[in-house]
Structures are given as structure tokens and as C-alpha cells.
Amino acid sequence: MGLRFLTSGESHGQTLISILEGLPANLDIDIDFINNELRRRQGGYGRGGRMKIEQDTANILSGVRFGKTIGSPIAIEIKNKDWENWQNKMAPFGEKPEDFKDFTKPRPGHADLVGGIKYNQKDLRNILERSSARETASRVAVGAFCKLLLKALNIHIYSYVVSVGEISTSIIHEDPILNAEQAEKSVIRFVDPSKDNELMEYIDKAKESGESLGGIFEVVAINVPPGIGSYIQWDKRIDGDIAKAIMSIQAIKGVEIGLGFESAKRIGSKVMDEIGYDNGYFRYSNNLGGTEGGMTNGMPIVVRAAMKPIPTLMNPLRSVDIISKDPLKAGKERSDVTAIAAASIVGEAMLAFVIAYHILEKFSADNMEELIIRYNEYINYVRSF
Ligand SMILES: Cc1cc2nc3c(=O)[nH]c(=O)nc-3n(C[C@H](O)[C@H](O)[C@H](O)COP(=O)(O)O)c2cc1C
19 MGLRFLTSGE SHGQTLISIL EGLPANLDID IDFINNELRR RQGGYGRGGR MKIEQDTANI
79 LSGVRFGKTI GSPIAIEIKN KDWENWQNKM APFGEKPEDF KDFTKPRPGH ADLVGGIKYN
139 QKDLRNILER SSARETASRV AVGAFCKLLL KALNIHIYSY VVSVGEISTS IIHEDPILNA
199 EQAEKSVIRF VDPSKDNELM EYIDKAKESG ESLGGIFEVV AINVPPGIGS YIQWDKRIDG
259 DIAKAIMSIQ AIKGVEIGLG FESAKRIGSK VMDEIGYDNG YFRYSNNLGG TEGGMTNGMP
319 IVVRAAMKPI PTLMNPLRSV DIISKDPLKA GKERSDVTAI AAASIVGEAM LAFVIAYHIL
379 EKFSADNMEE LIIRYNEYIN YVRSF
């Protein structure tokens, strides 16, 4: 069946649960690393009040014993601290409190209206609780496990923000590690921290006028060997899986690999990455972002994602009450002004999952010892090709 995961949980429900199945046994699990990943997702200038309440930590319920995976499904729980304030409003049984109003004013840009129609729910809270990006905490926990698997194979994943609204930077280094180091110094994971003050002012201004902002982040994977993924069938292409995984993150509206849309404007010789050989194959450039023919080609995998502005606006847009059908302003929930920093961490998690999935598909192994033998054999084979 390969590597797969499911998540469950509502934004203000009791807890978030994820189940990750298919990791080989004997992978060392560092719980501090997993919790640090969760902490990284909670950061970023422009976040709303919720992140001050939550201090996410992973409670591993199964699949790990004495710090190592045992091959069985891994269940991860992340408790919602805010549940204390929502227990009777989100209770699985009993009656809804009389003073707690239904959410009937769908927000444009959210799942509220279409979800209400689809699931026949007149209290749109039943939609927004699950469509909320609170779910991305689960993805980051799952992604942390995948990153640990990849680290054991010396594959590493980095991310950084390259634009927030209209503010962008031309300072993007070729070395993704350097970019990521810079981003860790910035209040919003911006690749050029010298712009932090300008960005904070920009975000504050948006907040004051009841507006929100989007942005662009890059996520990069290094040391992925060539030949992961395949061209032989549409659904075996790793570029397709990467695009789907990144696009599946809430509010992502565009995904590019390598030059992406820019490549359409250039002539062929300014796009293709010329091939050289020096004790192994190398490329003179990485315009194609590390994939050719739906396979990795050994160069860094470089993915860009565009996030739309946060749809909950404190100066709300026009909507309609779904009960009275009266025109009114959309509802409000406590909300981020921008979550681009957090989205970049979710991007790391999703890229880690896709690469781990394809690696396990190619080197199918029940335990880490088996995986490392097969993987190293392949690396040697590639060198000698
Ligand atoms: C990390 C992260 C945090 C988000 N925080 C918020 C938020 O606080 N308020 C909000 O309205 N939308 C937020 N969003 C975006 C919405 O979840 C998303 O736009 C909505 O569910 C509709 O999905 P779609 O934009 O993919 O169509 C966030 C997205 C991400 C990735």
C-alpha cells in the first residue's frame, strides 16, 4: 500500500489525530524534533490570537516504542488547548447552548457556503471547523516523521518566504541552506531579514484596514538521488504528486517547479539544464527544479507556492445569510492577517511526505536496515552508470 496518512479533528474540537502508515521499523524518532517542527508552524508575524493560545505538542499514541518505529501505524495526537473554551459548543452529544448562535454568514474565499450546500448543514460551523487550516498542525507532525526518514538518507528539506503581498526580494541565494538560515532569522521567515521592519509595517497597515495578505514561499529538497518517480504512467510522476500535495495546502492557488511559468517565456536553450560529467553526472543549471520526465534528476527539487490572502476579513465582504437570504457582511472568526510563514513549514511537510512516499515505493523496505542497504546500493549504481 505504501506510505499514507489520514488526519482528523476540528479546529475547536478536543484534539487532532493523524495516522501515518508505512514507515519502516527501526527509524529513530526524536520527539523534540517533531515538537520543534510544530513550534515552527505556529510562528510568523501577522498570526492571529489562536496561536497565542495553542502550544502544539505531539503525543505519540502508537507505532513508536522506546524511541524507534516498530512498523505499525503511528497515531499522533495534538490536543487543542482552546477546547477548554469550546467544550459545550463543540460537544459530540447533548444540546447546543442556547446563547451560541449558528454561523450563517458564509465568508467568500472559504469552504463555508459550498460546504454547507454539499453536506446539508445550516450551521456553517460544521464546515469551517474542519476546512480550517488548523488541520495543518497534523500535516506538520506527519511531515516531521517523514523528514526523519529522509534525514537518515541524508535528504534535507528547507523553505523560505520570497514575497508577502507586493513586497518581494531579489536576494535569493543559490544555496537553499543559506536562504533557510536567513529565513530562520526573520520574523516572517523572509529570505531577506533586512526587510523585516518594512514587512511588519506593511502587515500592520493591512491589519488596521481590516485587510489580509498572501505571499509566495519556496521549498527545496537536497540530495534526492535521480530516478525517484517515473514517466511510465501519469500517476507515477513525482512532479504531479508534488504539485498536488502543495496545492492541497489551504489557500495555495499556484505551484511552480523550477522556473515554472517563467520557463514558458524563454527560448529552449535558456531553460534546459545542460549535462556534464566529473566523477558522476552534474548539471550546469537547475532551471527545471530537479525533475525531468516525472523523475528526480539529482538536482535540488525547487518548488514555489503562491498563497492567496487570508479569506477571513475584519472588514468583511458582501455575503448572504443562508437562513433569511438577506444580504449582509460575511461572518468573522479570530484570524491571521497573513500565514505565509506557517504555510512554508506546511510546504516542507508535504514535500517531505511525497519524497518519502516515492522513496519507499522504489526501495520498498520493512525496516531501516533493509532500506539503507538498498538505498546505498542504488546510490553506488548511479555513480557507476
Ligand atoms: C497555515 C495556514 C493558516 C491559515 N490561517 C487562516 C486564518 O487564520 N483565517 C482564515 O480565514 N484562513 C486561514 N487560512 C486559509 C484558509 O484555511 C483557506 O483559505 C480556506 O480553508 C479555503 O481554502 P482554499 O483557500 O484552499 O480554497 C490559513 C491557511 C494556512 C495554510
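Those letters in the sequence shown? Residues 19 to 403, per my numbering, in order. Just so it is clear, CB atoms sit at the ideal spot from N, CA and C, and this is done for glycine as well.
For residue i, three-class secondary structure by DSSP
i    : result
V237 : strand
K225 : helix
I319 : strand
F163 : helix
H376 : helix
L131 : helix
S29  : coil
M313 : strand
D46  : strand
V209 : coil
V400 : helix
L277 : coil
S382 : coil
T154 : helix
K119 : coil
L21  : coil
R486 : No information on residue 486 is available, as it lies outside the stretch 19 to 403 that the chain covers here.
S362 : helix
A357 : coil
F300 : strand
I293 : strand
K326 : coil
K136 : helix
G286 : helix
K86  : strand
I185 : strand
K169 : helix
K70  : helix
I270 : strand
Y393 : helix
Rounded straight-line distance, which links the Cα of residue j to that of residue i
i    : j    : result
N77  : I94  : 6 Å
K283 : G61  : 36 Å
R68  : L41  : 32 Å
Q251 : Q32  : 42 Å
L306 : E192 : 14 Å
L24  : D74  : 18 Å
A361 : M325 : 8 Å
M313 : V338 : 47 Å
N103 : V182 : 33 Å
A201 : S342 : 48 Å
F372 : V355 : In the sequence on display, residue 372 carries Val and not Phe. Taking the straight line joining both Cα atoms gives about 29 Å.
E116 : I260 : 46 Å
G294 : G365 : 31 Å
L335 : V209 : 32 Å
S150 : I52  : 22 Å
I47  : R59  : 19 Å
G298 : M317 : 13 Å
K97  : E72  : 9 Å
Y375 : A263 : 12 Å
D100 : H30  : 6 Å
I190 : E39  : 37 Å
S353 : L389 : 43 Å
I377 : I246 : 6 Å
M332 : S227 : 8 Å
R65  : L56  : 15 Å
R322 : F235 : 6 Å
L168 : S212 : 32 Å
T187 : G233 : 12 Å
N385 : L45  : 8 Å
V160 : A367 : 7 Å
Residue span of the beta strand (DSSP E) that contains residue i, given as start and end
i    : result
I96  : I92 to K97
E39  : T33 to E39
L346 : P345 to K347
L146 : No beta strand (DSSP E) contains L146, which is instead part of the alpha helix (DSSP H) from R143 to S149.
L335 : First-last for L335: undefined, no H or E at that position.
N77  : N77 to S80
V179 : H174 to V182
C-beta neighbour in chain E for residue i, strict 9 Å
i    : result
E226 : Protein chains in the displayed structure number just one, and chain E is not present.
Enclosing alpha helix (DSSP H) for residue i [first to last residue]
i    : result
F51  : I49 to Q60
G258 : I256 to M265
N197 : P194 to K203
W104 : W101 to W104
Would you call the segment 166–178 and the segment 231–243 touching, i.e. three or more CB-CB distances under 8 Å?
yes
Assess contact between the segment 112–128 and the segment 338–355, defined as three or more Cβ pairs (one per stretch) separated by less than 8 Å. Is contact present? yes
**Message:** I want to know whether the segment 103–118 touches the segment 72–92 - three or more CB-CB distances under 8 Å.
**Reply:** no
| message | Using a Cβ distance threshold of 8 Å, determine whether the segment 147–159 contacts the segment 216–226, with at least three qualifying pairs required. | response | no
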